[in-house]
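Accompanying notes for the structure given below.
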């Protein structure tokens, strides 16, 4: 009896990593594959979000997308892949996502701003990442000011 319980517990522990991998599994593999094919075509054509990506990074991105497309060829769901291919597929998708996000973060955004007390406007250019950081810092400062209340008036 104890041996059976131990075997059941051991089998459950062995299945845990597979269950965890399936938690992060792509929901609709054919749709994701089609999206990666489209992104790959954009990257090869140096269009859209990939127009400003360095050549070396673009080649690496295309190679990862090609690997993902090859792995998922003819598969209808994540469960159709072998456990090793499931891990590689998730890792490849995460790498691609990070590369695309990095490319977006490096995009330069310019705006014309007026200095307070002046009619003269200046052009200020920042990357998307810098703008996001500035926004987060401003929000943090406002939250700290709200929490501080009357005690901050002397500062």
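Residue numbers (our numbering): -11 to 143. Beta carbons are placed, not taken as given, at the ideal position from N, Cα and C, and that holds for glycine. Everything numeric in this text was worked out from a predicted model, so none of it was measured.
Residue pairing by DSSP places residue 100 opposite 111 in a beta bridge. Sorting 52, 45 and 44 by C-alpha distance to the C-alpha of residue 25 places 52 at the top.
It is roughly 7 Å from the alpha-carbon of residue 91 to the alpha-carbon of residue 37. Annotated as distal: residue 93 and residue 112, with beta-carbon spacing of 8 Å or more. For the set 119, 72 and 134, the Cα lying nearest the Cα of residue 99 is the one of 119. Between the C-alpha atoms of residue 59 and residue 103 there is a straight-line separation of about 54 Å. Distance from the CA atom of residue 127 to the CA atom of residue 135, rounded to whole angstroms, is 12 Å.
For the set 89, 81, 63 and 71, the Cα lying nearest the Cα of residue 40 is the one of 89.
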